[in-house]
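Visitor: Chains as they are written, first to last, in the working numbering: chain U, -11 to 198; chain R, -11 to 198.
Got a structure for you, questions after.
There are 2 protein chains.
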Amino acid sequence: MPDDGARNGTAGTAAPGAPRPGRRPATTRDELTHLALELFAAKGFDATTVDDIAAAAGIGRRTFFRYFASKNDLPWGDFDERLEDMRKHFARIPDGTPLMEAVRIATIEFNRMPPAEVRYHRERMALLLRVPTLLAHSTLRFAAWRQVVAEFAGHRLGLPEGDLQPQAIAWAALGIALSAYEQWLDHEDSDLSELLDRSLCMLNSGFSSR
Amino acid sequence: MPDDGARNGTAGTAAPGAPRPGRRPATTRDELTHLALELFAAKGFDATTVDDIAAAAGIGRRTFFRYFASKNDLPWGDFDERLEDMRKHFARIPDGTPLMEAVRIATIEFNRMPPAEVRYHRERMALLLRVPTLLAHSTLRFAAWRQVVAEFAGHRLGLPEGDLQPQAIAWAALGIALSAYEQWLDHEDSDLSELLDRSLCMLNSGFSSR
DNA sequence: CACGCTAATGGCACCCAGTGCCAGAAGGAA
DNA sequence: TTCCTTCTGGCACTGGGTGCCATTAGCGTG
């Protein structure tokens, strides 16, 4: 059995929660993520073994893999829930808004974060986009992001989401967002929202103006 | 194993004779790729171990890793040389050609193949884009492709290739090409060049027309 | 022919990620 | 206490990938 990680940890949020039977989880995904990120920053991603992380968390190596399917998944945090937010955001965009305009807005919104978290997010994204192993793995996560965009585009165009145009839009939007992220990481003083806005406008004008 | 031919290492590039000193390589990258692709088709990528491949080729496991840095690299064949071709192709495009038009043409050209190879290429690409491990790994190869496009775009725009616009163009072009590839794989009777042409035209018009 | 130079091979030990199995540990409720 | 449940974590095993090093195989020269 894949033994799929993450059950009722119920990390951050309160949720006093109905007292369930059985032994309590020894830790949470959040805790492991934080801990691991510190180790990565200190020793580097590749040099940090799962044993290191488990030891630091005071759990067994085997247990670690019940919280995360792989070491690569550690930096992704609550990505899947964020995707749901984006789906909802798309749903709230007025029908009158042009398709690519909606994509632009939703993408910017998806990547908005409180100023206090900028520093943290930057570190996380630097890991994800600059450590080759993680960059490779990220492709699989990004596929889920593309899926959300393709769903919306397909809906708007009255086409199946698997058709060329919705898929092309989703792929292009992802590519554009990643190029903006790379600029953001390269330039300490840059603003992510602005970079996303600029690059998505380029996309929407077919890179014609200069 | 019939390790006949495959005399000269460095198959492909010139230097027909050039009697070098030292022991002859036991096989070639090409031979290993072919062999492996057959095994993948028969047993699946994940179920085929490096030991299987090495055994089938009649070489030691250790030797395999001197021909390919990883099992994931097997299906990529001569990709790097093909990239050089694309670089040259870009260089030959007349200066009068609009930038995005040049990108469209070069992308289509890069992905052109003799009809006899279509079947083979389809199988290879299905592996690369549908086996999760390989899809993830492919990101790293695609980075090199983007680099070629970004170089050209940067050159044309008079900007460093690392700037937002060249990078955005490269990312978008890659995304578009991949969406075309997915359609091609999904529809047995489709034509890759045509799909690339259609999706790149969409890109160049900012996905505006319908 | 024997020697030395060079370039490749391949066995061995080892590291690390990830998995199946299973015997417990820890909690609530009867 | 006993039962039931959930989570833990040790153990053994697979498979990719690497460092080390002795060995093999070609070539040229004395």
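Here a beta-carbon is modelled for each residue, glycine too, at the ideal position from N, C-alpha and C.
Quick caveat: nothing in here was measured; it's all calculated off a predicted structure.
#1: Hey, I164 (chain U) and V137 (chain U) are a contact pair by Cβ (cut 8 Å); roughly how many whole angstroms apart?
#2: Distance, Cα to Cα, R186 (chain R) vs R11 (chain R)?
#3: With a threshold of 9 Å between beta carbons, is R80 (chain R) in contact with chain U?
#4: Could you check the C-alpha separation between G(-3) (chain U) and D18 (chain U) for me, to the nearest Å?
#5: Any idea what DSSP makes of V137 (chain R), helix, strand or coil?
#6: Between the alpha carbons of R129 (chain U) and P86 (chain U), how many angstroms are there, rounded?
#7: Exposed or buried, S167 (chain U), counting other C-beta atoms within 10 Å across all chains shown (16 or more means buried)?
#8: Start and end of the alpha helix (DSSP H) containing L117 (chain U)?
#9: Throw me the rounded Cβ distance for the A160 (chain U) and L191 (chain R) pair, which I believe falls under 8 Å.
#10: Would you verify that the beta carbon of M113 (chain R) is, or is not, closer than 9 Å to some beta carbon of chain U?
#11: Could you check whether A24 (chain U) and T36 (chain U) sit closer than 9 Å to each other, using their CB atoms as the reference points?
#12: Between the segment 96 to 124 of chain R and chain U, which residues of the former have CB atoms less than 7 Å from a CB of the latter, in chain order?
#13: Check the Cβ-Cβ distances between E176 (chain R) and every residue of chain U, and say whether any is below 9 Å.
#14: What's the call for A14 (chain U), buried or exposed, on a 16-neighbour Cβ count within 10 Å?
#15: Taking only beta-carbon positions, decide if T127 (chain R) is within less than 9 Å of chain U.
#16: Counting only beta-carbon atoms, is I93 (chain R) nearer than 9 Å to chain U?
#17: With 9 Å as the threshold, decide whether the Cβ of A168 (chain R) is near any Cβ in chain U.
#18: For P63 (chain U), name the three-state secondary structure that DSSP assigns.
#19: With DSSP run on the structure shown, which of helix, strand or coil describes D18 (chain R)?
#20: Measure the beta-carbon distance from A114 (chain U) to L173 (chain U) and round it to whole angstroms, keeping in mind my assumption that it falls under 8 Å.
#21: Can a CB atom of chain R be found closer than 9 Å to the CB of S181 (chain U)?
#22: Nearest-angstrom Cα distance between I81 (chain R) and A90 (chain R)?
#23: At which residues does the alpha helix (DSSP H) containing I157 (chain R) begin and terminate?
#24: Cβ closer than 7 Å: which chain U residues qualify as neighbours of S187 (chain R)?
#25: Going by the beta-carbon positions, is the gap between V106 (chain R) and D34 (chain R) smaller than 9 Å?
#26: Below 7 Å on C-beta distance, what does F53 (chain U) contact in chain R?
#27: Alpha carbon to alpha carbon, how far is N60 (chain R) from D83 (chain U)?
#28: Compare the C-beta of L87 (chain R) with all C-beta atoms of chain U and state if any pair is closer than 9 Å.
#29: Would DSSP call T85 (chain R) helix, strand or coil?
Guide: Let's see:
#1: That belief does not hold up - the Cβ atoms of I164 (chain U) and V137 (chain U) are roughly 11 Å apart, past 8 Å.
#2: 51 Å
#3: no
#4: Low confidence applies to G(-3) (chain U): its pLDDT is 37, below 50, so where it sits in the model is not reliable, and the reading given next is rough at best. Computed Cα separation, rounded: 9 Å.
#5: helix
#6: 27 Å
#7: buried
#8: 103 to 118
#9: 6 Å
#10: no
#11: yes
#12: P120, L123, A124
#13: no
#14: exposed
#15: yes
#16: no
#17: yes
#18: helix
#19: helix
#20: 5 Å
#21: no
#22: 7 Å
#23: 152 to 174
#24: L152, A156
#25: no
#26: Simply none; closest approach about 18 Å.
#27: 44 Å
#28: yes
#29: coil
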